[in-house]
Structures are given as C-alpha cells and as structure tokens.
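Just below is one structure, and these are the notes that go with it.
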Amino acid sequence: MDMPDERSELEEALDALDRDDLVKIVRGLLANGVALSFHGKRTAVEIARRVRPRVTRREPKLHVGSLEDQCHNLLVEGENLQAMVTLYKFRGQVDLIVTDPPYNTGGQFRYNDRWDSDPNDPDLGTLVAKEDGSRHTKWIKAMMPRLQMMKAMLKPGGVVAICIDDNELFHLGMMMDEVFGEENRLAIINWQKTTPKNSRHVSTTTDYVLVYSKDKTSTRTELLARSEKADRRFGNRDGDLIGQWKQGDLTGKRSPTSHQGMIYAIQSPFTGELHYPLETRHWAFEKATMKAWLGEWGSPYEERDLADGKPKALVIKGAPTRFDLGFDPSHPRLVQARDRALERLSAGNWPKLYFGVKGDAQPMLKVHASHVKAGAVPTTFWMDEEDPDRLVAIGSVSWAASESGRSREGIEELDAVIGTGHGFETVKPMSLIRKIIQIWCPPSGLVLDPYAGSGTTGHAVLLLNKAQEAQRRFILIEQGAPENGDKYARTLTWRRLRNAITGERPDGNMAEPLGGGFEYRLLTKTIDARAVMSMKRDELIDVVLTSHWETHRRTAPNLQRLDEDGYQYLIGRDADGEGYFLVWNNCGPVGTLDIDSYKIVTSEAKRAGLKPPFHVYARYEAFQSPNVRFWKIPDKILAHLGLDENDRYNNADQGGEEEAA
8 MDMPDERSEL
18 EEALDALDRD
28 DLVKIVRGLL
38 ANGVALSFHG
48 KRTAVEIARR
58 VRPRVTRREP
68 KLHVGSLEDQ
78 CHNLLVEGEN
88 LQAMVTLYKF
98 RGQVDLIVTD
108 PPYNTGGQFR
118 YNDRWDSDPN
128 DPDLGTLVAK
138 EDGSRHTKWI
148 KAMMPRLQMM
158 KAMLKPGGVV
168 AICIDDNELF
178 HLGMMMDEVF
188 GEENRLAIIN
198 WQKTTPKNSR
208 HVSTTTDYVL
218 VYSKDKTSTR
228 TELLARSEKA
238 DRRFGNRDGD
248 LIGQWKQGDL
258 TGKRSPTSHQ
268 GMIYAIQSPF
278 TGELHYPLET
288 RHWAFEKATM
298 KAWLGEWGSP
308 YEERDLADGK
318 PKALVIKGAP
328 TRFDLGFDPS
338 HPRLVQARDR
348 ALERLSAGNW
358 PKLYFGVKGD
368 AQPMLKVHAS
378 HVKAGAVPTT
388 FWMDEEDPDR
398 LVAIGSVSWA
408 ASESGRSREG
418 IEELDAVIGT
428 GHGFETVKPM
438 SLIRKIIQIW
448 CPPSGLVLDP
458 YAGSGTTGHA
468 VLLLNKAQEA
478 QRRFILIEQG
488 APENGDKYAR
498 TLTWRRLRNA
508 ITGERPDGNM
518 AEPLGGGFEY
528 RLLTKTIDAR
538 AVMSMKRDEL
548 IDVVLTSHWE
558 THRRTAPNLQ
568 RLDEDGYQYL
578 IGRDADGEGY
588 FLVWNNCGPV
598 GTLDIDSYKI
608 VTSEAKRAGL
618 KPPFHVYARY
628 EAFQSPNVRF
638 WKIPDKILAH
648 LGLDENDRYN
658 NADQGGEEEA
668 A
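The sequence shown lines up with residues 8 to 668 when you count with the numbering used here.
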C-alpha cells in the first residue's frame with residue numbers, strides 16, 4: 008500500500024536551511040551538549056533583527072511631574088519587542104531588566120502566526136488557550152526574540168531578572184542559558200509567594216526568578232540594607248572603645264588537604280585549659296595575630312610543642328599544661344595569669360579574642376559593627392530567622408515571604424493605590440522587586456521592564472529613590488489588554504504611577520508623595536526614510552526629540568519639548584541648557600540650514616537663554632558655524648533609531664499600514 012506523499016513541517020524546515028545554518032546548529036549542539044530545539048527556532052532567532060522601529064508620539068496630557076522630573080522616566084504604550092527596537096538610544100545602557108512575562112497558564116499571552124513571515128505585522132494575534140497543543144512552542148517563539156533584545160539593551164555588566172512559575176521554568180532556563188550563556192547565570196531565586204494549601208500531591212507555594220548577567224565578570228552584586236533585627240545583635244557590654252560589637256567565630260571550615268598548620272591548642276589565661284578548634288574547623292587567623300590578642304590579657308605567650316600530634320600550641324610563657332606530669336592548676340604562673348586576666352575583664356574594653364563574659368568559655372571573636380559591611384550579602388536561604396547574618400554564596404536561592412512578600416500583598420498594594428476592581432489577579436509584591444533592584448541596580452542606574460503590567464517595577468523604583476535619596480530611572484513598556492478594549496498602559500499602569508508620585512488615593516485621602524515623574528509615549532506606525540520625509544512638523548518634532556542621542560551622553564535625561572512662545576525653529580532643550588532646532592519652511596517640508604535660518608536659531612537661543620552648541624536638524628547644510636551641531640534629516644534620525652537611509656526597508660511598500668490610535 009502506497010503511503011501519501013506528505014512531508015512534515017520539520018522536514019520542510021530542514022530543507023530550508025543552508026549549509027551555514029546547519030553548521031551553526033551542529034556546532035551549537037557539540038559545544039553545549041544540551042540545546043533547546045523547537046519548530047520555528049530559526050525564525051524566532053532571526054525575528055529581532057527584522058523588527059523595524061516605530062514612530063514615537065509623546066502624549067503630553069499623560070505626562071506626570073514637573074518638566075524636569077518628566078525627563079527622567081518613560082512609560083511606553085506599545086508592543087514590547089517593537090518598543091525595545093525603537094528605544095535604540097538605550098541599547099547597551101540598561102543596568103537592570105526586571106520583568107514578569109505571561110506565565111502561559113492559559114489565556115494570558117497572545118501569539119500571531121504571521122509574525123514568522125512578517126514580525127512587523129501590527130496584529131497582536133489571539134490569546135493562546137491552555138488546551139492549545141502548541142502553546143509551549145508559541146510561548147518559546149514569542150520569548151526568544153525578546154530575550155535577545157533584552158540582552159542587547161543591557162550594559163556589559165547589566166543583569167536581567169525574569170519572574171516565572173513552574174509551567175515554563177525549564178524552557179525559560181534553557182533559553183536563558185542559550186542567549187546569555189550558562190556561565191553568566193547569577194541565581195535561581197525561589198521566593199515564597201503564598202502559604203501552603205491542602206493538595207493531593209505537593210502544595211506549590213513558590214515562584215521563581217531567573218537572574219543572568221550579560222557578562223558575569225563585569226557584574227557587581229550589591230549588599231542589602233542590614234535589617235533592624237541584624238543591628239540588634241550588636242551591643243557594647245564592656246565599653247569597647249571602638250564601639251558596638253557582637254560575638255563571632257574564631258574558626259573556619261577545615262579542608263582535608265589544607266589548614267593543618269592552623270589546628271593547635273590555645274591556653275586560656277583564666278583557667279589554664281587548652282582549647283582546640285572543633286573537629287571540622289581550624290583557627291581562622293594567623294598565629295602571630297592570635298598570639299598578640301592572647302597577650303592583651305596581661306601575660307606573655309609562647310609557642311610550645313605539647314607532643315599532642317598538632318603544631319606548636321600557644322601557651323602562657325613558663326606555665327604548665329595538662330600534658331605535663333603532675334599538672335597543678337594552682338601553679339604560680341597560672342594564678343598570676345588568671346589574676347591579670349580577671350583584672351582586665353573587670354576593667355572592660357576587652358581584647359578582640361575573649362573567653363566569654365565570665366572568662367570560662369571557649370575562645371570567641373569580637374566582631375565590631377564598624378568593621379562589618381553596612382549590609383547583608385544575598386544568601387542561599389533567607390528563611391533562617393535565627394541567623395540573619397549567615398553569609399552563603401548566592402546560587403540557588405530561597406527567599407522567605409518575610410523578605411520578599413507574597414502575591415496577595417501585591418494585590419493589596421495595588422488596591423491601596425488605585426482601588427479595587429482593576430481585574431489583576433496576580434501582582435508581584437513590591438518587596439520582591441525592591442530587593443532585586445537593591446542588589447543589581449546602582450543608585451543612579453537605569454531599570455527596564457518590558458512587561459510592565461500594573462507598574463510594580465516603576466513604583467518600586469520611586470519608593471527606593473525616596474527612601475535612599477537615589478536617582479534610579481525606569482523605562483516601562485506595556486501594551487495593555489486590547490482584547491478587553493483596554494490599553495491599560497494609559498489607565499491602570501499610568502494611574503498607579505501617577506498616584507504613587509502625587510500621593511493621591513482612591514478614597515480621596517492623601518498619602519506621602521514619592522515625587523518624581525515620567526513621560527508617556529505611544530508607538531504608532533513603522534518608520535523609514537519615506538515616512539520621515541512625509542511627516543508633518545508636529546509629528547517630526549516628537550520623532551526628533553524621542554530618538555536623539557549622542558555617544559558621550561547616551562543615557563542623558565529625555566529632551567524637553569518647547570511649545571510655547573511661538574518659536575519658529577526652537578523645539579526643545581536638554582538638561583545642560585543646549586537647544587534643539589528644526590528648520591522648517593512655512594508650509595513644509597524640512598528646510599536648509601543657511602545664513603538666514605542660522606540668524607533665527609541664534610536669536611531664539613538667546614531669547615530662551617540657551618547656550619551653544621545649537622543642535623540643528625535640517626535637510627541640508629549650506630552654512631556652517633562652530634556654534635552649530637548639524638543633524639541631517641532623515642539620515643541622523645534613522646541612525647538614531649538603528650537604521651540607515653539605504654536600508655532595504657526604506658524602499659519597502661508600507662502596505663497601507665495605519666497609524667495606531
């Protein structure tokens with residue numbers, strides 16, 4: 008019986024690969040040993056390079072804060088892959104990406120099959136149901152190009168932290184290993200999202216945060232602020248002149264092949280007893296240092312071989328030990344040492360090595376608060392309430408609810424700021440996001456959230472800036488929920504950030520304002536040379552101001568638009584007091600910088616109190632001046648968006664794509 012001549016999609020996909028593609032795939036498999044393979048992977052990997060930037064429209068009515076504060080943060084309404092491509096000026100400039108993508112539990116993310124052939128298709132696609140047999144593949148294909156763009160947005164030492172649950176944990180981990188490299192994995196954080204419930208099997212109470220660096224060798228993991236409970240462990244019962252201290256450990260963990268020279272006896276000046284490190288430990292300080300500390304109790308010490316199979320002990324000079332025949336604890340040298348030690352104990356300000364508050368305990372170490380780092384290192388297990396200062400290298404990490412909050416707290420925080428009825432069922436607690444920001448974003452760093460949702464990340468940045476007097480900035484990207492007729496970037500997300508900044512609350516009361524501000528932007532149609540040259544003046548002004556950057560100040564605050572006072576060419580200014588000008592003929596189009604337009608530029612700059620250089624956008628440059636920095640239209644606009652005037656897309660048919668509403 009003849010079988011029908013049907014070829015699988017996999018066979019067709021393999022036939023479509025050229026030799027270089029096949030070599031690349033084979034090398035990847037041989038190099039890594041394990042690789043994530045899925046139908047459409049080649050397309051997913053290439054999509055990010057084919058997405059075109061979009062025209063960005065400022066929405067002044069939705070800006071929040073003073074003109075100066077608006078220039079520091081962004082809330083972008085639009086599809087996040089398109090938005091990251093459009094935000095070319097921030098590529099390679101982001102310190103931390105912290106985000107919470109859809110968990111693929113059914114009906115939470117959209118997928119458009121046409122993106123395989125045209126990633127610029129404006130349709131967001133349909134919601135992927137839990138019953139969809141290809142939902143995992145669709146989720147992976149949606150995430151892969153976005154992970155690639157996230158990596159491109161990061162600084163060399165930048166960090167990405169992605170929240171996820173167990174539905175896609177393993178797929179995401181393999182993608183992160185592939186995009187960022189397994190060697191750049193910083194942590195797998197396991198945080199307690201809820202209390203245990205009755206279950207037929209294992210009660211799921213935790214979610215995860217996968218943390219990777221762009222380049223681990225350039226990444227800095229900061230300290231967390233030390234808790235009040237940790238601070239309470241310090242005291243000063245002996246009147247120590249250095250200040251508060253706590254009990255510490257004189258020993259370290261013993262290695263089978265090292266530290267043998269640091270396992271010896273120490274004689275107590277109080278009792279004459281010999282003290283050894285525990286079986287699995289060794290003295291953690293140099294022998295000369297230990298000898299000096301012991302001598303501070305009033306008696307000289309010497310090294311002596313006790314024939315105990317250990318290195319020479321540190322004992323009171325001339326005093327017997329229990330290894331001596333006829334050992335007598337009332338030996339004059341021991342009595343003298345005890346009297347001197349008790350006298351020093353009564354006087355206070357004890358030495359760094361001490362034997363408990365009465366002199367009858369194992370030797371201990373005084374750890375001064377002033378000598379301890381002002382924070383806590385992120386540890387592998389944060390549930391330990393009895394020993395909050397225990398330091399363990401970060402790796403697979405568990406964060407207790409007391410440290411990172413629960414999901415319910417996230418909902419309650421959102422309710423308090425904007426009221427109930429918002430429709431969000433899962434919101435990350437701000438304590439979790441704040442903790443991540445504290446660890447991996449410097450006080451003046453830039454935070455990006457491509458899946459902004461209700462705006463938790465932006466709210467957390469504002470809170471930390473207020474509490475720490477920091478200057479962190481945020482970029483939030485949110486499309487909203489078009490299936491519900493609600494682009495909630497401009498409703499829920501915007502309202503939460505506005506209320507956090509102003510202190511407004513839904514019950515009419517006022518909370519403490521966090522201050523700050525942000526600029527609201529909307530992504531519209533795709534952009535190319537033809538689109539730039541056909542723009543009306545108002546639209547072109549927004550494109551100029553939102554895309555402009557210079558190498559030496561790429562992450563400078565956003566440019567401020569100047570609409571008042573009837574300027575002919577002046578359109579904006581920057582934080583350094585430099586002006587931005589668009590030479591525009593009365594009825595369009597873009598004009599030429601000549602001697603006449605230059606005179607208008609200098610006149611308007613003087614009127615606005617601006618200093619050179621004057622940044623002039625025009626089609627051609629017929630006049631030059633050392634006071635002018637000329638930016639050619641459309642070339643420089645396209646370059647600032649990562650495009651080139653001769654790019655093939657600039658000659659492509661627009662296909663009647665309509666501007667977004």
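The C-beta atom is built at its ideal place from N, Cα and C for all residues, glycine as well.
Open item on the list: Which complete beta strand (DSSP E) runs does the stretch 80-134 hold, if anything under 3 residues is left out?
Closed with: 81-84 and 101-106
Task: Inter-residue CB distance, I640 and A625 (contact presumed, cutoff 8 angstroms) - done: 6 angstroms
TODO: Give every residue of the same chain whose Cβ lies closer than 7 angstroms to the Cβ of N127, excluding the five residues on either side of it in the sequence, and list them in chain order.
DONE: V58, R59 and T533
- [ ] Could you please give the first and the last residue of the uninterrupted alpha helix (DSSP H) stretch that includes D642?
- [x] D642 to H647
Task: Beta-carbon contacts of A400 that lie in its chain and below 6 angstroms, excluding the five residues immediately before and after - done: Only weak support is given to the placement of A400: the predicted model assigns it a pLDDT of 37, under 50, and the value that follows is read from those uncertain coordinates. Contacts found: none.
Task: Which of helix, strand or coil DSSP assigns to N197 - done: strand
- [ ] For the alpha helix (DSSP H) holding K298, just list the boundary residues, first then last.
- [x] K294 to G302
Open item on the list: Beta-carbon within less than 7 angstroms of N592's beta-carbon, same chain only, minus the 5 sequence neighbours each way: which residues are those?
Closed with: G598
Open item on the list: For C594, count the other beta carbons within 10 Å of its own beta carbon; 16 or more makes it buried, fewer makes it exposed. Which is it?
Closed with: exposed
- [ ] Could you give the DSSP three-state label for M183: helix, strand or coil?
- [x] helix
Task: K148 and A51 closer than 8 angstroms at C-beta - done: yes
- [ ] Quick one: give me the first and last residue of the alpha helix (DSSP H) that T464 is part of.
- [x] T463 to Q475
- [ ] Put Q567 into one of helix, strand or coil per three-state DSSP.
- [x] strand
Open item on the list: Relative to the C-alpha of S632, which candidate in R142, Y361 and P619 has its C-alpha closest?
Closed with: P619
Task: Candidates I418, G428 and G430: closest to P436 by CA position - done: I418
Open item on the list: Tell me which residue opens and which closes the alpha helix (DSSP H) that P152 is part of.
Closed with: R142 to M160
Open item on the list: Can you confirm whether the stretch 75-84 touches the stretch 506-525 when touching is taken to mean that 3 or more C-beta pairs between the two stretches lie within less than 8 angstroms?
Closed with: yes
Task: Test item: CB-CB of K260 and T287 under 8 angstroms - done: yes
Open item on the list: Between which two residues does the beta strand (DSSP E) holding R64 run?
Closed with: R61 to R65
Open item on the list: Rounded to whole angstroms, what is the Cα-Cα separation between K359 and I273?
Closed with: 15 angstroms
- [ ] Give me the Cβ distance between Q100 and K162, rounded to the nearest whole Å; I'm assuming they're in contact under 8 angstroms.
- [x] 6 angstroms
- [ ] In angstroms with no decimal places, state the Cα-to-Cα distance between L469 and I169.
- [x] 20 angstroms
Open item on the list: Looking only at its chain, what residues have a beta carbon closer than 6 angstroms to the beta carbon of E229, apart from the 5 residues adjacent to it on each side?
Closed with: I446
TODO: Assign G515 to one of three DSSP states: helix, strand, or coil.
DONE: coil
Open item on the list: Quick test of the definition: if touching needs 3 or more C-beta pairs under 8 angstroms, does the stretch 422-434 touch the stretch 459-468?
Closed with: yes
Task: Among R121, G140, M371 and R502, nearest to T427 - alpha-carbon criterion - done: R502
Task: Given Y271 as reference, the closest of T278, P263, F277 and L285 once Cα atoms are compared - done: L285
Open item on the list: Between Q155, V166 and M150, which has its C-alpha nearest H178's C-alpha?
Closed with: M150
Open item on the list: So, with DSSP's three-state summary, where would you put E546?
Closed with: helix
Open item on the list: Can you give me the C-alpha to C-alpha distance between F362 and R311, rounded to a whole angstrom?
Closed with: 21 angstroms
TODO: Would you give the residue range spanned by the alpha helix (DSSP H) that Q343 belongs to?
DONE: P339 to A354
- [ ] With DSSP collapsed to three states, give me the class of Y215.
- [x] strand
Task: Counterpart residues of L455 in DSSP-defined beta bridges - done: I104 and I482
TODO: Taking only the alpha-carbon atoms, compute the straight-line gap between E86 and R61 and give it to the nearest angstrom.
DONE: 10 angstroms
- [ ] Consult DSSP for E189 and reduce its assignment to one of helix, strand or coil.
- [x] helix
Open item on the list: Cutting at 6 angstroms between CB atoms, please list the residues of its own chain near W300, excluding the five before and the five after it.
Closed with: P358, K359 and L360
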